[in-house]
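Quick notes on the structure that follows.
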Amino acid sequence: MLHPFEIVAEPVRRRIIEVLAGGSHPVGMLTDAVTAEFGISRSAVAHHLRILRDERAVSVTADLTVRHYRLDEGFLERLDDAVGELFRLWDHRYGFGSGLRSDDDGDWAGDDGGVHAGRMPMPSAARSRTPHADRPRAEPASPHEADDRPHRAGAKGRRGSRSHGNWTLPKT
């Protein structure tokens, strides 16, 4: 069985997963949309759908003559577990204990409004725990604002957007 990151590492499979996260779709609509966006053959789309089925990332139901694909919730749980493992490794890397900690003013560093709900938040002290923490900072202290990172200024508010644009499935 492939690691969840290996499954989503392929752009075609990741896009299929993103589309199916919005609900089930007939195979023909998926194939048409993916071939148009990526310029690949129908057999290539079928290959990626087969991998997603074999890895239990999607499930298929037959409705008379049409097969409908839908995202398997178990795959999302495996993906969430893999991301949780990264958080565990990150916490271990910086030597955090298992207890919850807050900074002096009681607010968590990088509070994301619940995006990582259920995860242990990273205390603000972690931001200054670098090999050169005793040196004066040339840049602002907050790594969470795009304005503080000129190289990321164009990305502010566009997390997950694609340069090739968004597409929608054709209406039947």
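Count the sequence shown with full-length UniProt numbering and you get residues 1 to 172, in order.
Ideal placement from N, C-alpha and C gives every residue a C-beta, glycine not left out.
Would you call the CB atoms of V58 and R42 closer than 8 Å? No, Cβ-Cβ distance for V58 and R42 is not below 8 Å.
Going by alpha carbons, who is nearest to V27 out of A9, P11, H47 and A82? The shortest C-alpha to C-alpha distance from V27 to any of A9, P11, H47 and A82 is the one to H47.
Would you mind stating whether L2 and E55 have Cβ atoms separated by less than 8 Å? Yes.
Do you know whose CA, among L52, V8 and V60, lies nearest H25's CA? If we check each option's Cα against that of H25, V60 comes out closest.
First through last residue of the alpha helix (DSSP H) which encompasses W44: Note on identity: in this sequence residue 44 is Ala, with Trp being the wrong assignment. In this chain, the alpha helix (DSSP H) harbouring A44 covers R42 to D54.
Assuming A82 and F5 are in contact, meaning their beta carbons sit under 8 Å apart, how far apart are those beta carbons, in whole angstroms? Rounded to whole angstroms, the Cβ separation of A82 and F5 is 6 Å, and the two are in contact under 8 Å.
Opening and closing residue of the beta strand (DSSP E) in which residue 181 lies: Residue numbering for the chain in the displayed model covers 1 to 172; residue 181 lies beyond these limits and cannot be assessed.
Rounded to a whole number of angstroms, what is the C-alpha to C-alpha distance between R67 and L49? Between the alpha carbons of R67 and L49 lies a distance of about 12 Å.
Starting from L71, follow its DSSP beta bridges and name the residues at the other end. The partner list for L71 (beta bridge, DSSP) reads V58.
Of the choices L52, R93, L64 and E85, whose alpha-carbon is the least far from that of R13? Measuring from the Cα of R13, the nearest candidate turns out to be L52.
H25 by DSSP, collapsed to three states: which one? In this structure, H25 counts as strand in the three-state DSSP scheme.
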